[in-house]
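Peer 1: Residue numbers (mature numbering (1 follows the signal peptide of the UniProt record, and there is no 0)): -22 to -1, 1 to 225.
1) In whole angstroms, what separates the C-alpha of residue 165 from that of residue 178?
2) Using a Cβ-Cβ cutoff of less than 6 angstroms, which residues in the same chain neighbour residue 195 once the five nearest sequence positions on both sides are dropped?
3) Classify residue 92 as helix, strand or coil using the three-state DSSP reduction.
4) Quick one: what does DSSP say residue 183 is sitting in, helix, strand or coil?
5) Tell me which residue opens and which closes the beta strand (DSSP E) that residue 198 is part of.
6) First and last residue of the beta strand (DSSP E) that includes residue 124?
7) Under the assumption that residue 23 contacts residue 208 (Cβ atoms under 8 angstroms), give the Cβ distance between them as a whole number of angstroms.
8) The beta strand (DSSP E) that contains residue 49, what's its start and end?
9) Pick from 224, 189 and 185: whose alpha carbon is nearest that of residue 53?
10) Counting pairs of beta carbons, one from the region 78 to 86 and one from the region 119 to 132, are three or more of them closer than 8 angstroms?
11) Should residue 200 be labelled buried (16 or more other beta-carbon atoms within 10 Å of its own) or exposed?
12) Check this for me: beta carbons of residue 48 and residue 74, under 9 angstroms apart or not?
13) Return helix, strand or coil for residue 21, following the three-state DSSP convention.
14) Answer yes if the region 159 to 176 comes into contact with the region 59 to 73, meaning at least three C-beta pairs across the two stretches below 8 angstroms, and no otherwise.
15) Let me know the secondary structure DSSP gives residue 137 once reduced to three states.
16) Cα-Cα, which of 216, 224, 3 and 204 is closest to residue 29?
17) Are there 16 or more other CB atoms within 10 angstroms of the CB of residue 134, so buried, or fewer, so exposed?
18) Compute the beta-carbon to beta-carbon distance between residue 222 and residue 155, rounded to the nearest angstrom, for a pair I have assumed lies under 8 angstroms.
19) Which of the three DSSP states, helix, strand or coil, is assigned to residue 4?
20) For residue 92 versus residue 176, is the C-beta distance shorter than 9 angstroms?
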């Protein structure tokens, strides 16, 4: 091979090597390409030993008298500034104001966003992510916070063991309408496609939570989707929240 041919070959090899996508650039799915069974190949943390979600087996839980009821901070102080609701390509996400936070933990956690899950297969398959004694709910709401005492922002915190705190609210369907969830549901039709975004009126986020904030399951786990960082202090409420079938 002449020197020109060798040079071209080396350039092609270098291009192929530099063009390999970084993990954060990989588009994951639940059942398609880079599906759930392949997550750990592209996102190493997804193969870790502290992965979420989990099935809470109540007979295997242990009561911890040192735990106190969850303390939502500023959840009801929404102000006049609208919230932003958007479709991130996987689910509906609402950005939360920085004055919202979470108390009752070793550090202060600042709210970032909340989002809905319809189970591991997406909205068409139904079901929550977490289960209790093997029983799923119809959906699950996650309110995400980062440790603002130790880290400057969500990006810095999300890779740290004590970086995030997430509230998990199990949602079931029944006959009665839950007006609080209409603050979200009424606008979902406007974000049907990835990257669509809409401003919605601010509302009292605490109305989405169950009434009993003192009965919950606490464990150290992970983000439930890639990159699956094992950085989450999970609080899964025992009491389920009901919305109507029509909703």
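Even for Gly, the Cβ is constructed at its ideal location relative to N, Cα and C.
Quick caveat, the model's predicted, so the values are computed rather than measured.
Peer 2: If we stick to the structure as given:
1) Counting from 1 along the chain shown, the entry for residue 165 is found at position 187. Counting from 1 along the chain shown, the entry for residue 178 is found at position 200. A direct Cα-Cα distance of roughly 8 angstroms separates residue 165 from residue 178.
2) If you number the chain shown from 1, residue 195 lands on position 217. Once the five neighbours on either side are set aside, the close Cβ partners of residue 195 are 34 and 214.
3) Stepping through the chain shown from its first residue, residue 92 is reached at position 114. In the structure shown, residue 92 adopts extended strand secondary structure according to DSSP, grouped into three states.
4) To locate residue 183, count along the chain shown from 1; it is residue 205. Residue 183: helix per DSSP, three-state reduction.
5) Taking the chain shown and counting its residues from 1, the one referred to as residue 198 is at position 220. Under the DSSP assignment, residue 198 falls in the beta strand (DSSP E) whose first and last residues are 194 to 199.
6) As a first step, residue 124 must be located in the chain shown, where it is residue number 146. It spans 117 to 125 - the beta strand (DSSP E) in which residue 124 sits, taken as one unbroken run.
7) Indexing the chain shown from 1 puts residue 23 at position 45. Indexing the chain shown from 1 puts residue 208 at position 230. Taking C-beta atoms under 8 angstroms as the contact rule, residue 23 and residue 208 qualify, at a distance of about 6 angstroms.
8) Taking the chain shown and counting its residues from 1, the one referred to as residue 49 is at position 71. It spans 49 to 51 - the beta strand (DSSP E) in which residue 49 sits, taken as one unbroken run.
9) As a working mapping, residue 53 is identified with position 75 in the chain shown. Nearest C-alpha to residue 53: 185.
10) Yes, since at least three Cβ pairs between the region 78 to 86 and the region 119 to 132 fall closer than 8 angstroms, the two stretches touch.
11) Here the question's residue 200 lines up with position 222 in the chain shown. By the 10 Å Cβ count, residue 200 comes out buried.
12) Taking the first residue of the chain shown as 1, we reach residue 48 at position 70. Taking the first residue of the chain shown as 1, we reach residue 74 at position 96. Contact: no.
13) Within the chain shown, the letter at position 43 stands for residue 21. Three-state result, residue 21: coil.
14) Between the region 59 to 73 and the region 159 to 176, the count of C-beta pairs closer than 8 angstroms reaches three or more; the two stretches touch.
15) Taking the chain shown and counting its residues from 1, the one referred to as residue 137 is at position 159. Coil.
16) Numbered from its first residue, the chain shown carries residue 29 at position 51. For the residues 216, 224, 3 and 204, the minimum Cα distance to residue 29 belongs to 204.
17) As a working mapping, residue 134 is identified with position 156 in the chain shown. Classification for residue 134: exposed.
18) As a position in the chain shown, residue 222 is number 244, starting the count at 1. As a position in the chain shown, residue 155 is number 177, starting the count at 1. Their Cβ separation, rounded to whole angstroms, is 4 angstroms, which keeps residue 222 and residue 155 in contact under 8 angstroms.
19) If you number the chain shown from 1, residue 4 lands on position 26. DSSP places residue 4 in coil when its eight states are reduced to three.
20) Within the chain shown, residue 92 is the residue found at index 114, counting from 1. Within the chain shown, residue 176 is the residue found at index 198, counting from 1. With contacts defined by Cβ atoms closer than 9 angstroms, residue 92 and residue 176 do not form a contacting pair.
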